[in-house]
Structure formats: structure tokens, C-alpha cells
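Residue numbers (the working numbering): 912 to 1029.
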């Protein structure tokens, strides 16, 4: 899975990440990785890789739109925020292991990049 994720990130020069995913990555990198990432290394990774790609931040309107996505899809609110952030960013594809592979929401297609590995 790690190699596949790396290939996706390296292959798509215009990928974006939402603030939620940045937060989740930081928490996992610091506390749940087999070898936790030192804070200084995480800071470097944030500055060089993630923060330049973080183009959607929380706003009252984002929360309102996420409620609409939640109503439309039946997804949990947290997942609806991820989808809404991708829509606001103008993404064509949202990579997710947790959401329905192949589903289209507006102009956004959800893909599980690991679906063929299961």
C-alpha cells in the first residue's frame, strides 16, 4: 500500500490535501506509525509537502455544504467534510479506502487506490 500511495503522490503533480487530512496525518505520524516520526521531521514534512498542497480550510460555508453532502450521500459528517473539501478544491478524484469506490458526487469520483490489492 505504501508503494502505491507513493506512486500516486509522485505521479499527480496537482494533488491537494484538506486541513482534516493534514491533522489526521500529523496525529498518526506522531503516535501510530510503527516508528513514530520525530516532531522536527514532521514539521519539515508539513512545510515542504503538505502545507503547500493544503488549499481548503474550514469556513462556516464549508460546514453548511458538508451538511448537504451528508444528506445527499448518507456519509458520516467527517467524511462529508472530506468530500466537500475535495469538491471545493475542484478535485476530479478523491482517493479513499473508506468511501464507496467508483461513486461520483458532482464532478468528483471516489477511487480506492488499493481496491485491487484486497
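Built from N, CA and C at the ideal position, the CB exists for glycine as well.
Sufficient close CB pairs (3 or more, under 8 Å) joining the region 929-938 to the region 990-1000:
Taking a cut-off of 8 Å on C-beta distances, the region 929-938 touches the region 990-1000, as three or more cross pairs fall below it.
Just to confirm my understanding: we take residue 941, look at its own chain, exclude 5 residues before and 5 after, and list those with CB closer than 8 Å. What are they?
Here the set comprises 947, 948, 950 and 953.
Using the three-state DSSP reduction, which class does residue 1015 fall into: helix, strand or coil?
Looking at residue 1015 - three-state DSSP - the assignment turns out to be strand.
Compute the beta-carbon to beta-carbon distance between residue 978 and residue 1002, rounded to the nearest angstrom, for a pair I have assumed lies under 8 Å.
Actually they do not touch by this definition, with Cβ atoms about 20 Å apart.
Just the Cα atoms here: how many angstroms apart are residue 984 and residue 991?
Using only the alpha carbons, I get a separation of about 8 Å.
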